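So the protein sequences, as listed, match chains L and W.
Mapping the first sequence onto this note's numbering, position 455 (from 1) lands on 515, and the numbers just tick up by one.
Mapping the second sequence onto this note's numbering, position 370 (from 1) lands on 386, and the numbers just tick up by one.
Where a beta carbon is used, it is the ideal one built from N, C-alpha and C, also for glycine.
Because the structure is a prediction, the values reported are computed rather than measured.
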Amino acid sequence: MNHTKVKKLCAPKAIAPKPALRRFHQARWDEPIIFELSSPGQRGVLPPEPEEAIVRAAGDVFDNLPASLKRKSPPALPEMSQIHVLRHYLRLSQETLGVDLNIDVGQGTCTMKYSPKVNDQLVRSPRMRELHPLQPLSTVQGILEVMYRFQEMLKEISGMDYVTLQPQAGSQAIFTNIIMIRAYHEARGEGSKRTEVITSSFSHPSNAAAAKVAGYRVMTLPPDEDGYPDFDALKAAVSERTAALLITNPEDTGIFNPRIKEFTDLVHAAGGLCALDQANANGLLGIVRAREMGFDACHFNLHKTFSTPHGCGGPGAAACCVTKELAPFLPVPTIEFDGTSYYLDFNRPQSIGKIHPWYGVAQNILRAYAWIMSLGADGLREVAEIAVLNNNYLLHKVLEIRGVSAPYARGKRRIEQVRYSWEKLAEETGVHSEEIGFRAADFGTHYWTSHHPFVVPEPMTLEPTESYSREDLDEYVAILKYIAHEAYTNPEVIHSAPHNSTIHRIDQESFDDPEAWAITWRAYKRKLKRNDHDE
Amino acid sequence: MSQKKIVYPYIPNSVPATKEAMLRAVKARSIEEFYEDVPESIRLKDKMNLPEPLLSEAALVRHVEELLSRNKSTREMLSFLGAGCAPHYVPAVCDEINSRSEFLTAYAGEPYEDHGRWQALFEYESMMGELLNMDVVNVPVYNGFQATATALRMAGRITCRDTVLLPSTVNPDKLSMVRGYLKPDMKVELVSFNPATGLMDLNALRNQINEQTAAIYIENPSYLGFLESQAEVIGQIAHENGALFVVYVDPISLGVISPPADYGADIACGDIQSLGIHMNYGGGHGGFIATRDEEKFVMEFPSRLFGVAPTCVEGEYGFGDVAFERTSFARREEGKEWVGTAAALWCITAGVYLALMGPRGMVEIGQGIMQRVRYAIKKLNQVSGVKTLFPTTPHFKEFVVNFDETGKTVKEINQALLERGIFGGKDLSAEFPSLGQSALFCVTEIHTQADIDRLVNAIQEVVK
Numbered sequence: 061m062n063h064t065k066v067k068k069l070c071a072p073k074a075i076a077p078k079p080a081l082r083r084f085h086q087a088r089w090d091e092p093i094i095f096e097l098s099s100p101g102q103r104g105v106l107p108p109e110p111e112e113a114i115v116r117a118a119g120d121v122f123d124n125l126p127a128s129l130k131r132k133s134p135p136a137l138p139e140m141s142q143i144h145v146l147r148h149y150l151r152l153s154q155e156t157l158g159v160d161l162n163i164d165v166g167q168g169t170c171t172m173k174y175s176p177k178v179n180d181q182l183v184r185s186p187r188m189r190e191l192h193p194l195q196p197l198s199t200v201q202g203i204l205e206v207m208y209r210f211q212e213m214l215k216e217i218s219g220m221d222y223v224t225l226q227p228q229a230g231s232q233a234i235f236t237n238i239i240m241i242r243a244y245h246e247a248r249g250e251g252s253k254r255t256e257v258i259t260s261s262f263s264h265p266s267n268a269a270a271a272k273v274a275g276y277r278v279m280t281l282p283p284d285e286d287g288y289p290d291f292d293a294l295k296a297a298v299s300e301r302t303a304a305l306l307i308t309n310p311e312d313t314g315i316f317n318p319r320i321k322e323f324t325d326l327v328h329a330a331g332g333l334c335a336l337d338q339a340n341a342n343g344l345l346g347i348v349r350a351r352e353m354g355f356d357a358c359h360f361n362l363h364k365t366f367s368t369p370h371g372c373g374g375p376g377a378a379a380c381c382v383t384k385e386l387a388p389f390l391p392v393p394t395i396e397f398d399g400t401s402y403y404l405d406f407n408r409p410q411s412i413g414k415i416h417p418w419y420g421v422a423q424n425i426l427r428a429y430a431w432i433m434s435l436g437a438d439g440l441r442e443v444a445e446i447a448v449l450n451n452n453y454l455l456h457k458v459l460e461i462r463g464v465s466a467p468y469a470r471g472k473r474r475i476e477q478v479r480y481s482w483e484k485l486a487e488e489t490g491v492h493s494e495e496i497g498f499r500a501a502d503f504g505t506h507y508w509t510s511h512h513p514f515v516v517p518e519p520m521t522l523e524p525t526e527s528y529s530r531e532d533l534d535e536y537v538a539i540l541k542y543i544a545h546e547a548y549t550n551p552e553v554i555h556s557a558p559h560n561s562t563i564h565r566i567d568q569e570s571f572d573d574p575e576a577w578a579i580t581w582r583a584y585k586r587k588l589k590r591n592d593h594d595e
Numbered sequence: 017m018s019q020k021k022i023v024y025p026y027i028p029n030s031v032p033a034t035k036e037a038m039l040r041a042v043k044a045r046s047i048e049e050f051y052e053d054v055p056e057s058i059r060l061k062d063k064m065n066l067p068e069p070l071l072s073e074a075a076l077v078r079h080v081e082e083l084l085s086r087n088k089s090t091r092e093m094l095s096f097l098g099a100g101c102a103p104h105y106v107p108a109v110c111d112e113i114n115s116r117s118e119f120l121t122a123y124a125g126e127p128y129e130d131h132g133r134w135q136a137l138f139e140y141e142s143m144m145g146e147l148l149n150m151d152v153v154n155v156p157v158y159n160g161f162q163a164t165a166t167a168l169r170m171a172g173r174i175t176c177r178d179t180v181l182l183p184s185t186v187n188p189d190k191l192s193m194v195r196g197y198l199k200p201d202m203k204v205e206l207v208s209f210n211p212a213t214g215l216m217d218l219n220a221l222r223n224q225i226n227e228q229t230a231a232i233y234i235e236n237p238s239y240l241g242f243l244e245s246q247a248e249v250i251g252q253i254a255h256e257n258g259a260l261f262v263v264y265v266d267p268i269s270l271g272v273i274s275p276p277a278d279y280g281a282d283i284a285c286g287d288i289q290s291l292g293i294h295m296n297y298g299g300g301h302g303g304f305i306a307t308r309d310e311e312k313f314v315m316e317f318p319s320r321l322f323g324v325a326p327t328c329v330e331g332e333y334g335f336g337d338v339a340f341e342r343t344s345f346a347r348r349e350e351g352k353e354w355v356g357t358a359a360a361l362w363c364i365t366a367g368v369y370l371a372l373m374g375p376r377g378m379v380e381i382g383q384g385i386m387q388r389v390r391y392a393i394k395k396l397n398q399v400s401g402v403k404t405l406f407p408t409t410p411h412f413k414e415f416v417v418n419f420d421e422t423g424k425t426v427k428e429i430n431q432a433l434l435e436r437g438i439f440g441g442k443d444l445s446a447e448f449p450s451l452g453q454s455a456l457f458c459v460t461e462i463h464t465q466a467d468i469d470r471l472v473n474a475i476q477e478v479v480k
């Protein structure tokens, strides 16, 4: 085709600039449930067949199996060719945002930072992922060295004396810390006397929940007028029954508690121990450590502070760091170095025993190690400082939006995140925080309220970490501002949101109704589909 | 010495001019101002003592690859190690999907921006439901140990009883974790096994069960590899005594072995590592728990349970949390145990695996593994001084090999095998002294006849 001959219909025109807000639309493949894609006879992969000699020698492998153990009919899994399985899941992945595609500052407390791709590549090495945890130590010196070196780094970052990398995520690390503390009190003959654990209402729910599982009565400190955990309430709660204080600093409000040392001193004076949940450690790397705040134990979430990917909710990884007083109770094995080689120490008679089947989520420990190695001490401090700068910048910008506030500690700077409130907006417009989240999905962003109970009314928790640029933060603020404006001018568009998402508003009714809830497709077919759609 | 200001690739606002502009925007003199609430007395005075950074990606890769080069993987060695973490073939599509940036980097997203995540997790629950013949399957817990511990705590809450009976063939590491998790609310008692068959001693079981027994727990296959062929009777004993029957299974066996629900289990649990997940030096685990669809069971799950529901548009599937009020997310210490980050990416992967395998694939892989195991057992028993234990009991993918009559210890044999490029079975001599010098070997679909013959020949050489 000869382009020169095409007649110009209109004058050449520059492309107009982008509008202020992105004209986003989430992928909408209208994808069926995978069972509906089944086509009888199709295969996705073929398992390797055993050789003829094996088949012959084995004979009927079911001949000594009682009838009750022999499966009667094959499981009713979908039958699909490979490309159809791939396509289905690719479509579902496109219908998922993930950090890489969005300005994920709306999932506050989760530290949604960038997970470097190079670290993902490194863990795909067969010398990482094809390692069996029981291999002779001489064949796993590389990964053990990584784990050992990472422990050493965490000692320095936390100020603590010993580290275990076994917990598979933060909540399990909280539990590990509390049962080490339980073992500590038992070893001193105070196990039955110390029956209470103190936590605070702005600490992650797992602090309270894990303490309960460990057998403790849980006492929760409310926030005082300034949003700090109430020191007078702590004074009233602490006694000779106190086993531990489990607390976060900064808490989910983002306010650093400057009296933290008084908290830990008070608990110590009563014979209790203190464990710091460092879910919000990101803004404090290199600034202040658990040790100097007076804690006996702390934990880090590697999928938060140390950049390992969140995987739709795991596998994460976590580390517990403790003082030498708690070290005898660490889970077995510990990872040690004798000057020549790395080894696993199982001979720890006071240990709480096993937490993980093996040694932790090794591939994420490798990722976290690589992340620290790429930054060093100065880099980690830069992480903290920029995360805090971003947070205060975002705070400043968000507070310019109509209807939003940052309760507590007025005029104070915040550390890693802020728990905001849309209370005023809700009162004035009838639009609730949760609905703002539904509408935010229309602009390609994620938004979260807070854990329950909502101590802050109509909450929104933003945590910008170090990973987002000023422009990213401006864009997020512009979206919130636009939605707030809609709330005042056209609330119906929010009440009926989302509009540009994969799906529309879900009918929540069945989720709390045992007659109607459907946790598997087979349950759905049995309970609902049968009645409504079958001929 | 003047220091070069580094702009970090992972930190966009580390550009000095941007930093300055942002400080001005928030009317701060310096970043120090943001830390004014951190008292001087607890501040870290010095720079952290950490290794010098490897600022370029190239240098970082070089460093990590050098470290990893000190490992030898099961790709380079012939491995028969299992004991709860097994080398199964991982189809390429499993890795393709779990490497997708969207799934890899999403977190606790809501249904409206992460719909795909919710559907993938619901489909995992649903495919596991077919495999297990149960209507309720959780979004996974950390691993099979945790699944066991939580299933037992659930049984305690459902029955309002406080003792659980476990076979004494249970993995001692698992037992350690379970005891730590159940303490102080529940007691764990072990039921002895028949040394000839490995099976649970039913007389002992009948003597031990009482009105405080919340559950009898068995493993099928057991830690020692055999199948508990009395499972149905054990379930009846549990039910006759008002206890629940909890069964731990290896899901990859369920194409050919009955799902526990079919022989009376009230709660099934296990680990999904065998379903398309690399071993990762033990980092590839996820735990499942499954029950019937009864309110009294569902309400005792600590995990999230994703359900399907209509949206306001015809023909659209929506997903959400079923009975969210049970969870610690909703009610803190008043919820059931706790819920948090666990192993979602692995359950998406296991879902992909089950969809790829389909019904026929699961039958073929189960049967093929059992054939290889039988072959290996037969061949090993032909080696003088070597015998496999529990010979009349059916096995799935693992079996115990005893070396007592060779006069050699497992340690010696494994060292000699290592020199021949083979990882022998897990040494059981410390964990189960009554089994003498025995090792637990694992054979899966990845092992060829040549691999097994090589092992047998090497052992023959070594024990001579």
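Are residue i and residue j closer than 9 Å when you measure CB to CB?
i: W/Thr179; j: L/Ser529; result: no
i: W/Glu341; j: W/Pro318; result: no
i: L/Gly504; j: L/Phe84; result: yes
i: W/Ala392; j: W/Leu471; result: yes
i: L/Ala422; j: W/Asn159; result: no
i: L/Ser527; j: L/Met220; result: no
Please list the partners that residue i has in chain L, where partner means a Cβ-to-Cβ separation under 9 Å.
i: W/Pro375; result: Ser133, Pro134, Pro135, Ala136, Leu137, Pro138 and Glu139
Less than 6 Å between C-beta atoms, sequence neighbours within five positions excluded: which residues of the same chain meet that for residue i?
i: L/Ala48; result: Lying before the first or after the last residue shown, residue 48 of chain L is absent from chain L, which here runs from 61 to 595.
i: L/Asn550; result: none
i: L/Phe210; result: Ile425 and Tyr429
i: L/Thr489; result: Ala547, Tyr548 and Pro551
i: L/Ser266; result: Ser231 and Ile234
Go through its chain and collect everything with a Cβ distance to residue i's Cβ below 7 Å, but skip five positions before and after it.
i: W/Val402; result: Leu396, Val417, Phe419, Thr422, Ile475 and Val479
i: W/Leu198; result: Ala165, Leu168, Arg169 and Val204
i: L/Asp594; result: Summary for L/Asp594: the model assigns pLDDT 46, below 50, so the residue's position carries little reliability, and this model does not support an answer.
i: W/Tyr279; result: Ala247, Glu248 and Gly251
i: W/Gly125; result: Arg133
Can you list, in chain order, the residues of its chain with a C-beta nearer than 8 Å to that of residue i? Leave out the 5 residues immediately preceding and following it.
i: L/Arg189; result: Val183 and Gln423
i: L/Ile475; result: Pro310, Gly314, Ile315, Phe316, Asn340, Gly343, Leu344, Val448 and Asn451
Chain L partners of residue i, CB-CB under 7 Å?
i: W/Asp189; result: Lys414 and Pro417
i: W/Ser192; result: Gly413 and Lys414
i: W/His301; result: Pro417
Would you mind telling me which residues of chain L sit closer than 8 Å to residue i, beta carbon to beta carbon, in chain order?
i: W/Gly172; result: Those do not exist, as W/Gly172 stays about 12 Å from chain L at its closest Cβ, beyond 8 Å.
i: W/Met95; result: One point to set straight first is that residue 95 of chain W is Ser, not Met, in the sequence displayed. Going along chain L in sequence order, the residues near W/Ser95 (Cβ under 8 Å) are His192 and Gln195.
i: W/Asp337; result: Phe571
Anything in chain W within Cβ reach of residue i, meaning under 9 Å, just list it in chain order.
i: L/Phe95; result: Glu139, Ser142, Met143 and Glu146
Going along chain W in order, which residues have a C-beta closer than 7 Å to the C-beta of residue i?
i: L/Tyr174; result: Tyr26
Run the proximity test for residue i: is its beta-carbon closer than 8 Å to any non-hydrogen atom belonging to the ligand SAM?
i: L/His456; result: In terms of ligand content, the structure shown is empty, and the ligand SAM therefore cannot be addressed.
Quiz item: What residue ranges within the stretch 200-270 of chain L form continuous beta strand (DSSP E) runs of no fewer than 3 residues, ordered along the chain?
Solution: 222-224 and 256-260
Self-check item: Runs of alpha helix (DSSP H) wholly within the stretch 85-125 of chain W (minimum 4 residues, chain order)
Solution: 108-114 and 117-121
Quiz item: Should the stretch 528-544 of chain L be called in touch with the stretch 282-295 of chain W, which here means at least 3 C-beta pairs below 8 Å?
Solution: no
Quiz item: Taking three-plus beta-carbon pairs below 8 Å as touching, is the stretch 379-394 of chain L in contact with the stretch 142-160 of chain L?
Solution: no
Quiz prompt | Given 8 Å, three or more beta-carbon pairs between the stretch 294-301 of chain L and the stretch 256-267 of chain L | solution = yes
Quiz item: Taking contact to mean at least 3 C-beta pairs separated by less than 8 Å, is the stretch 491-498 of chain L in contact with the stretch 517-526 of chain L?
Solution: yes
Quiz prompt | Touch test, the stretch 154-166 of chain L against the stretch 110-127 of chain W, Cβ-Cβ under 8 Å, three pairs minimum | solution = yes
Practice problem: Check whether the stretch 318-336 of chain W touches the stretch 238-245 of chain L, taking contact to mean three or more Cβ pairs, one atom from each stretch, closer than 8 Å. | Solution: no
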